[in-house]
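Step one of this worksheet: look at the structure below.
Residue numbers (our numbering): 30 to 416.
Put into structure tokens, the structure is as follows:
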């Protein structure tokens, strides 16, 4: 047999054999019963739920419901459930009696608050301008949500909350209670990377952003490059444009060596999603990772003028309650392709296929940062529960 043929046979054996081995390895991996309750109050399109990052991790790592079935992203959450013809139903914690409520905290292993922002009229009615845009249909924290968290912590169970949990539209009294529970304080600022600030790009630059800027600055929106926006709860808006204010256009997440070792996450990675500026109220919360805005001198001066830090926490873990986590970004709402979810070790193949230099590609962030972080958190809790 010619040498070229031998090489081709070897290559095809690798191409076919490795994925088959990964799939068989996943099938042979034992299921891990782990009782999770997801809270998501902002589901306007149920189709995208199947690709949510949280569900991807649970399926990939074979965490299943107590009965042995895999979590169904369309059913296994509480919050807002869209239906056909702009109808919906709500299933949440509000109607549970006291005994059922406390039993829930005893039975659960994890409560994950994925999104509490809610659903609003214009968003729900496909940008129909005949309805009030800020009329809330459903959303925000309730006393019952926070009661469940406190019950979970009393039972020494795990709680994870993400971006906008501490922010509007929750009433301020509930925001303050949530801040006390997590020992955090939101500074009032939210922000995100914008791949394009060109107002002609209507898919990327919402009208409210342009209207807000022009009203505050008495001047026309003139931005056209990429950049970072920062919006305060009082409506104040700042725009950092690349390269006028930024050395690179995308915020980054940095992690110390110790936490890189603990969670298997990179030392530095671009982050393209929404984030909030939140700091610990006390030493009861440990910072796992930090956001950094890559400003130049002009950008630094603009932030200093508005008393905004260049560096602020991205992920927290409780010290007195090690099962308490807070992510100051919308980490778990990334849509992830399902092609290799049931292939053991497929993370490395996905990282090979993903362009980590593309700031608009959230899949790279998921496979490089969120997947190992959430997997490590789940693994530690599961091992403690089974020992």
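The beta-carbon is built from N, C-alpha and C at its ideal position, and this holds for glycine as well.
Since the model is a prediction, treat every value here as computed from it, not as a measurement.
For residue 260, the enclosing beta strand (DSSP E) has its first and last residue at 256-261. At the C-beta level, residue 104 and residue 60 stay beyond 9 angstroms of one another. Within 10 angstroms of the beta-carbon of residue 200 lie fewer than 16 other beta-carbons, which makes it exposed. In this structure residue 339 touches residue 324 by the C-beta definition: roughly 6 angstroms separates them, less than 8 angstroms. The C-beta distance from residue 70 to residue 108 rounds to 4 angstroms, short enough to fall under 8 angstroms. By the CB criterion at 9 angstroms, residue 215 and residue 305 fall inside the cutoff. Taking all protein chains shown into account, residue 179 has fewer than 16 neighbouring C-beta atoms within 10 Å of its C-beta and is therefore exposed. A direct Cα-to-Cα measurement between residue 182 and residue 66 gives close to 15 angstroms. Residue 265 is classed as exposed because its beta carbon has fewer than 16 other beta carbons within 10 Å across all chains shown. Annotated as proximal: residue 341 and residue 320, with beta-carbon spacing under 9 angstroms.
Distance from the Cα of residue 113 is smallest, within the candidate group 232, 246, 153, for 153. Positions of the alpha helix (DSSP H) runs, each at least 4 residues long and wholly inside the region 148-209, are given as 150-153, 172-183 in order along the chain. Residue nearest to residue 126 within the set 337, 176, 85 is 176 (criterion: CA-CA distance). Residue pairing by DSSP places residue 69 opposite 108, 144 in a beta bridge.
For residue 328, the uninterrupted alpha helix (DSSP H) run begins and ends at 326-334, by DSSP. Distances from the CA of residue 212 to each of 49, 195, 172 were compared; the closest alpha carbon is that of 195. Secondary structure of residue 339 (DSSP, three-state): coil. In the displayed model, residue 393 falls within a helix according to three-state DSSP. Boundaries of the beta strand (DSSP E) harbouring residue 119: 117-120, taken from the DSSP string. Going by C-alpha positions, residue 401 is about 6 angstroms away from residue 294. The region 325-332 and the region 364-384 do not touch, with fewer than three beta-carbon pairs separated by less than 8 angstroms. Going by beta carbons, residue 322 and residue 257 fall inside the 9 angstroms limit. Out of 132, 133, 74, the CA that lies nearest to the CA of residue 117 is found in 74.
The C-alpha of residue 312 lies about 46 angstroms from the C-alpha of residue 48. Rounded to whole angstroms, residue 289 and residue 395 show a C-alpha spacing of 15 angstroms.
Residue 359 holds the alpha-carbon nearest to the alpha-carbon of residue 81 among 253, 359, 224. Shown here, residue 344 sits in a strand according to DSSP, grouped into three states.
The three-state reading of DSSP puts residue 225 in coil, since its state is none of H, G, I, E or B.
DSSP places residue 220 within a strand segment (E or B) once states are collapsed to three. Its Cα nearest to that of residue 268, the residue 224 stands out among 224, 298, 292. In this structure residue 83 does not touch residue 146 by the C-beta definition: roughly 16 angstroms separates them, more than the 8 angstroms allowed. Out of 237, 270, 101, the CA that lies nearest to the CA of residue 251 is found in 270. Setting aside the 5 residues that flank it on each side, residue 297 is surrounded in the same chain by 281, 282, 283, 284, each with a C-beta closer than 8 angstroms to its C-beta; the list follows chain order. Looking only at 55, 98, 85, the smallest Cα-Cα distance to residue 63 is reached by 98. Where residue 83 is concerned, the enclosing alpha helix (DSSP H) starts and stops at 82-89. The C-alpha of residue 377 is placed about 35 angstroms away from the C-alpha of residue 218.
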